[in-house]
Amino acid sequence: MKTILNGKQLAITIDRLCHQLIENHLQFENTVLIGLQPRGIYLGDRIYETLKKLLPGTAIHYGKLDITFYRDDYNKGKTLHVPSETNINFSIENKKVVLIDDVLYTGRTIRSALDAMLDFGRPASVELLALIDRRFSRQLPIQPDYTGRTIDALISQKVRVLWEQRDGKDEVILVD
Amino acid sequence: MSLSVKHLLGIRDLQRQDIELIFQTADQFKEVLQRPIKKVPTLRDTTIVNLFFENSTRTRISFELAEKRLGADTINFSASGSSVSKGETLIDTVNNILSMKVDVVVMRHSASGAPHFLSRHIQVPILNAGDGINEHPTQALLDAFSIREKLGTLEGKKVAICGDIMHSRVALSNIYCLKKLGAEVTVVGPPTLIPKHMAAALGVNVSYNIREALQWCDVANVLRIQLERQNTPLFSSLREYSLAYGVNRQLLDSLNKEILIMHPGPINRGVELDSDVADSGQSIILDQVENGVAVRMAALYLLAGKKQELV
Numbered sequence: 001m002k003t004i005l006n007g008k009q010l011a012i013t014i015d016r017l018c019h020q021l022i023e024n025h026l027q028f029e030n031t032v033l034i035g036l037q038p039r040g041i042y043l044g045d046r047i048y049e050t051l052k053k054l055l056p057g058t059a060i061h062y063g064k065l066d067i068t069f070y071r072d073d074y075n076k077g078k079t080l081h082v083p084s085e086t087n088i089n090f091s092i093e094n095k096k097v098v099l100i101d102d103v104l105y106t107g108r109t110i111r112s113a114l115d116a117m118l119d120f121g122r123p124a125s126v127e128l129l130a131l132i133d134r135r136f137s138r139q140l141p142i143q144p145d146y147t148g149r150t151i152d153a154l155i156s157q158k159v160r161v162l163w164e165q166r167d168g169k170d171e172v173i174l175v176d
Numbered sequence: 001m002s003l004s005v006k007h008l009l010g011i012r013d014l015q016r017q018d019i020e021l022i023f024q025t026a027d028q029f030k031e032v033l034q035r036p037i038k039k040v041p042t043l044r045d046t047t048i049v050n051l052f053f054e055n056s057t058r059t060r061i062s063f064e065l066a067e068k069r070l071g072a073d074t075i076n077f078s079a080s081g082s083s084v085s086k087g088e089t090l091i092d093t094v095n096n097i098l099s100m101k102v103d104v105v106v107m108r109h110s111a112s113g114a115p116h117f118l119s120r121h122i123q124v125p126i127l128n129a130g131d132g133i134n135e136h137p138t139q140a141l142l143d144a145f146s147i148r149e150k151l152g153t154l155e156g157k158k159v160a161i162c163g164d165i166m167h168s169r170v171a172l173s174n175i176y177c178l179k180k181l182g183a184e185v186t187v188v189g190p191p192t193l194i195p196k197h198m199a200a201a202l203g204v205n206v207s208y209n210i211r212e213a214l215q216w217c218d219v220a221n222v223l224r225i226q227l228e229r230q231n232t233p234l235f236s237s238l239r240e241y242s243l244a245y246g247v248n249r250q251l252l253d254s255l256n257k258e259i260l261i262m263h264p265g266p267i268n269r270g271v272e273l274d275s276d277v278a279d280s281g282q283s284i285i286l287d288q289v290e291n292g293v294a295v296r297m298a299a300l301y302l303l304a305g306k307k308q309e310l311v
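For the protein sequence lines, the chains are A and B, in the order given.
1 is the number of the first residue of the first sequence in full-length UniProt numbering; add one for each residue after it.
1 is the number of the first residue of the second sequence in full-length UniProt numbering; add one for each residue after it.
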């Protein structure tokens with residue numbers, strides 16, 4: 001087991017990602033944030049909270065998207081995924097969408113997320129924010145626009161992102 | 001997580017966690033059905049046949065909508081106008097359909113146990129859409145799902161199942177489902193329409209007094225009088241039945257509480273249920289129908305992937 005980001009580094013990284021978002025989206029008038037279920041929403045929640053602190057008085061739209069029914073491995077002999085809540089109570093039509101997930105690995109989740117998202121409308125543009133980018137492991141041509149940390153990891157290794165409210169502490173670790 | 005069964009033949013075979021998994025999945029499908037595009041591509045590689053050897057409006061449309069909204073291809077079969085009338089056996093009919101690469105069977109049959117029999121001879125998941133007077137599992141699931149939606153939980157709730165218990169597959173499936181989820185059940189109706197030993201066999205209360213049962217319960221599920229299944233008359237007339245066991249406004253107003261009214265449809269208006277009750281705010285009959293699609297989507301989603309395990 002190896003620590004990729006400790007609690008302090010994780011906080012700094014999230015702050016930096018938020019500033020990068022502000023740099024590109026200024027007042028978020030035409031931008032919406034969408035966290036991907038089940039694990040991306042913890043990062044999404046944190047980014048949403050930080051942005052509200054950094055931009056007091058600004059209305060920021062933030063939703064949660066579950067991609068279970070859009071996966072490409074249903075019926076492929078793997079265990080069935082139990083769906084989580086989808087909650088997008090705003091229109092994404094002509095909006096700039098920022099998809100938020102914790103770990104970008106093969107890119108298949110993001111492919112599913114793009115399909116799922118398009119059923120809610122036609123956004124003006126879509127960007128991807130990932131806390132951890134496991135580079136050289138993509139199976140689809142998908143790249144992040146905002147990255148917390150880029151890492152190299154073996155297929156046998158797993159990246160685990162721990163969150164205070166769920167796991168008792170903030171940390172990103174690499175498990176063998 | 002996955003279901004402990006490979007077919008949905010009856011609630012009797014399910015564990016409590018199976019039912020909870022179906023509900024949890026149905027919650028998300030219910031959200032899908034509120035979207036502008038009420039459809040997901042999950043079962044786009046799956047073909048489903050709806051084999052209806054017996055008439056149906058709601059269940060058939062509900063299953064077909066559920067299948068289409070999961071992205072599946074569907075084919076519909078009804079016994080009338082098919083080779084069944086030329087004497088083809090059930091297994092032959094189904095095997096011929098399956099040889100055209102069908103992945104899931106949804107079946108309604110007038111013979112109790114028909115889907116159970118079929119499940120021993122074919123290698124695809126079967127969903128029972130009602131077999132004779134045995135079970136109608138998806139109806140019980142959508143009924144319990146609708147109660148859970150209104151009351152938050154089934155645990156400790158009191159449900160009265162009223163009317164023609166003897167001929168009702170909805171009653172039997174409901175009893176299994178409600179008991180597994182921790183609800184208390186009373187069946188109420190004329191003694192001729194309640195099977196003997198029901199209380200001992202299924203752990204339900206039996207009552208012959210509709211007013212007492214309604215006063216006791218939180219939810220009343222009023223069943224249809226199934227004249228088509230009664231070979232010899234079991235009560236003297238529909239008018240007498242309605243007077244003794246019909247649920248009407250006057251009866252509900254005489255209770256000191258407001259209960260939820262359910263009915264699996266089709267309603268014999270003025271017999272088991274009066275219009276001013278069926279169409280009132282207490283009635284969740286149309287919620288039941290709406291929830292039926294989401295619950296059937298959940299059952300199909302959780303079972304269609306079981307095909308590999310059966311081959």
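C-beta: ideal position from N, C-alpha, C; glycine also.
- Beta-carbon proximity check, residue 42/B vs residue 71/B, cutoff 8 Å: In the second sequence, the residue the question calls residue 42/B occupies position 42. In the second sequence, the residue the question calls residue 71/B occupies position 71. With contacts defined as CB atoms closer than 8 Å, residue 42/B and residue 71/B qualify as a contacting pair.
- Message: Suppose you measure from the CA of residue 225/B to the CA of residue 160/B; what does that come to, to the nearest Å?
- Response: Working through the second sequence from its first residue, we reach residue 225/B at position 225. Working through the second sequence from its first residue, we reach residue 160/B at position 160. Approximately 16 Å between the Cα atoms of the pair.
- At a CB-CB cut-off below 7 Å, which residues of chain A make contact with residue 312/B? Shown here, chain B extends from 1 to 311; a query on residue 312/B therefore has no answer.
- Item | CB of residue 312/B within 8 Å of CB of residue 49/B, strictly | In the structure displayed, chain B extends from 1 to 311; residue 312/B sits before or after that span and is not available.
- In chain order, each beta strand (DSSP E) run of at least 3 residues that lies wholly inside the stretch 61-95 of chain B: Whole beta strand (DSSP E) segments, 3+ residues: 73-78.
- Task: Using beta-carbon positions only, say whether residue 100/A and residue 36/A come within less than 8 Å of one another.
- Result: In the first sequence, counting from the first residue as 1, residue 100/A sits at position 100. In the first sequence, counting from the first residue as 1, residue 36/A sits at position 36. Yes, the Cβ-Cβ distance between residue 100/A and residue 36/A is below 8 Å.
- Message: I want to verify the contact list: residues of chain B whose CB lies under 7 Å from the CB of residue 80/A, in sequence order.
- Response: Looking up residue 80/A in the first sequence gives position 80. Simply 1, 2, 302 and 305.
- Residue from 175/B, 192/B, 190/B and 191/B whose Cα sits closest to the Cα of residue 340/B: This structure does not reach residue 340/B, given that chain B is present from 1 up to 311, and the question cannot be answered.
- Rounded to whole angstroms, what's the CA-CA distance from residue 175/A to residue 6/A? Just pull it up for me. Reading the first sequence from its first residue, position 175 is the one you call residue 175/A. Reading the first sequence from its first residue, position 6 is the one you call residue 6/A. Between residue 175/A and residue 6/A, the alpha-carbon positions lie close to 14 Å from each other.
- Query: Between residue 40/B and chain A, is there a C-beta pair that is closer than 8 Å?
  - Reply: The residue labelled residue 40/B in the question sits at position 40 within the second sequence. For residue 40/B, the answer is yes, since a Cβ of chain A falls inside 8 Å of its Cβ.
- Message: As a quick exercise: from 12/B, 65/B and 220/B, pick the residue whose alpha carbon is nearest that of residue 298/B.
- Response: Locating residue 298/B in the second sequence gives position 298, counting from the first residue. With respect to the C-alpha of residue 298/B, the residue from 12/B, 65/B and 220/B having the closest C-alpha is 65/B.
- Task: Identify whether residue 35/A lies in helix, strand or coil by the three-state DSSP scheme.
- Result: Position 35 of the first sequence, counting from 1, holds the residue named residue 35/A. Residue 35/A: strand per DSSP, three-state reduction.
- Taking only beta-carbon atoms, is residue 25/B less than 8 Å away from chain A? On the second sequence, residue 25/B is found 25 positions in, with the first residue counted as 1. With 8 Å as the cut-off, residue 25/B counts as an interface residue toward chain A.
- Query: So what does DSSP say about residue 50/B, is it helix, strand or coil?
  - Reply: Working through the second sequence from its first residue, we reach residue 50/B at position 50. Here residue 50/B sits in strand by DSSP.
- Message: Relative to the C-alpha of residue 102/B, which candidate in 93/B, 109/B and 108/B has its C-alpha closest?
- Response: For the purposes of this step, residue 102/B is identified with residue 102 of the second sequence, where counting begins at 1. The shortest Cα separation from residue 102/B among 93/B, 109/B and 108/B belongs to 93/B.
- Message: Can you list, in chain order, the residues of its chain with a C-beta nearer than 8 Å to that of residue 230/B? Leave out the 5 residues immediately preceding and following it.
- Response: Taking the second sequence and counting its residues from 1, one reaches residue 230/B at position 230. Around residue 230/B: 167.
- Task: Below 6 Å CB to CB, which residues in the same chain sit around residue 283/B once its five sequence neighbours on both sides are set aside?
- Result: Reading the second sequence from its first residue, position 283 is the one you call residue 283/B. Excluding residues within five positions, the ones whose Cβ falls inside 6 Å are 261.
- Taking all protein chains shown into account, decide if residue 117/A is buried (16 or more other Cβ within 10 angstroms of its Cβ) or exposed. As a working mapping, residue 117/A is identified with position 117 in the first sequence. For residue 117/A, the number of other beta carbons within 10 angstroms of its own is at least 16, and it is reported as buried.
- Query: alpha helix (DSSP H) containing residue 134/A: first to last residue?
  - Reply: Looking up residue 134/A in the first sequence gives position 134. It is not in any alpha helix (DSSP H) - residue 134/A instead sits in the beta strand (DSSP E) that spans 125-134.
- Could you tell me which residues DSSP pairs with residue 171/A in its beta bridges? Walking along the first sequence from the start, residue 171/A turns up at place 171. The partner list for residue 171/A (beta bridge, DSSP) reads 162/A.
- Residues that residue 89/A contacts on chain B, provided the C-beta gap is smaller than 9 Å: For the purposes of this step, residue 89/A is taken as the residue at position 89 of the first sequence. Residues of chain B passing the Cβ test: none, with the nearest at roughly 10 Å.
- Message: Can you check whether the C-beta of residue 83/A is within less than 8 Å of a C-beta belonging to chain B?
- Response: Taking the first residue of the first sequence as 1, we reach residue 83/A at position 83. For residue 83/A, the answer is yes, since a Cβ of chain B falls inside 8 Å of its Cβ.
- Item | Spatial neighbours of residue 1/B in its chain, beta-carbon cut-off 7 Å, leaving aside the 5 residues before and after | Within the second sequence, numbered from 1, the residue matching residue 1/B stands at position 1. Listed in chain order, the non-local C-beta contacts of residue 1/B below 7 Å within the same chain comprise 21, local neighbours out to five positions each way being set aside.
- Message: For a test of the three-state rule: what should DSSP assign to residue 20/B, helix, strand or coil?
- Response: Residue mapping note: residue 20/B aligns to position 20 of the second sequence, counting from 1. The answer is helix: DSSP assigns residue 20/B an H, G or I state.
- Message: Does residue 291/B pass the burial test, meaning 16 or more other C-beta atoms within 10 Å, or should it be called exposed?
- Response: Sequence index remark: in the second sequence, residue 291/B carries index 291 (1-based). It is buried - the Cβ of residue 291/B has at least 16 other Cβ atoms within 10 Å.
- Query: Alpha carbon to alpha carbon, what distance is there between residue 202/B and residue 55/B?
  - Reply: Mapped onto the second sequence, residue 55/B falls at position 55. Mapped onto the second sequence, residue 202/B falls at position 202. If I take the Cα positions, the gap works out to 29 Å.
- Name the two residues that bound the continuous beta strand (DSSP E) containing residue 129/B. For the purposes of this step, residue 129/B is taken as the residue at position 129 of the second sequence. It spans 126-131 - the beta strand (DSSP E) in which residue 129/B sits, taken as one unbroken run.
- Would you list, in sequence order, the uninterrupted beta strand (DSSP E) runs of no fewer than 3 residues that lie entirely inside the stretch 133-190 of chain B? Runs found: 158-162 and 184-188.
- Message: If contact is defined by three or more beta carbon pairs under 8 Å, each pair taking one atom from either stretch, is the stretch 160-175 of chain A in contact with the stretch 264-275 of chain B?
- Response: By the C-beta criterion, the stretch 264-275 of chain B is judged not to be in contact with the stretch 160-175 of chain A, since fewer than 3 inter-stretch pairs fall below 8 Å.
- Query: Looking at the structure shown, is residue 8/B part of a helix, part of a strand, or coil, going by DSSP?
  - Reply: Taking the first residue of the second sequence as 1, we reach residue 8/B at position 8. Looking at residue 8/B - three-state DSSP - the assignment turns out to be strand.
- Can you list, in chain order, the residues of its chain whose CB lies under 6 Å from that of residue 94/A, leaving out five sequence neighbours each side? Residue mapping note: residue 94/A aligns to position 94 of the first sequence, counting from 1. In chain order, 124 place their CB closer than 6 Å to the CB of residue 94/A, counting only its own chain and leaving out the 5 sequence neighbours on each side.
- Which one of 147/B, 204/B, 191/B and 131/B has the shortest CA to CA distance from residue 218/B? What you label residue 218/B is simply residue 218 of the second sequence in a count that begins at 1. Checking every option, the nearest Cα to that of residue 218/B belongs to 147/B.
- Message: Excluding the 5 residues flanking residue 67/A on each side, which residues of the same chain have their C-beta closer than 6 Å to its C-beta?
- Response: Walking along the first sequence from the start, residue 67/A turns up at place 67. Closer than 6 Å at Cβ, skipping near neighbours: 112, 113 and 116.
- Task: Could you tell me whether any Cβ in chain B is nearer than 8 Å to the Cβ of residue 136/A?
- Result: Taking the first residue of the first sequence as position 1, residue 136/A is located at position 136. No, because no Cβ of chain B sits closer than 8 Å to the Cβ of residue 136/A.
- Message: Quick test of your reading: residue 193/B and residue 163/B, contact by CB under 8 Å. State the CB separation rounded to the nearest angstrom.
- Response: For the purposes of this step, residue 193/B is taken as the residue at position 193 of the second sequence. For the purposes of this step, residue 163/B is taken as the residue at position 163 of the second sequence. The C-beta distance from residue 193/B to residue 163/B rounds to 7 Å, short enough to fall under 8 Å.
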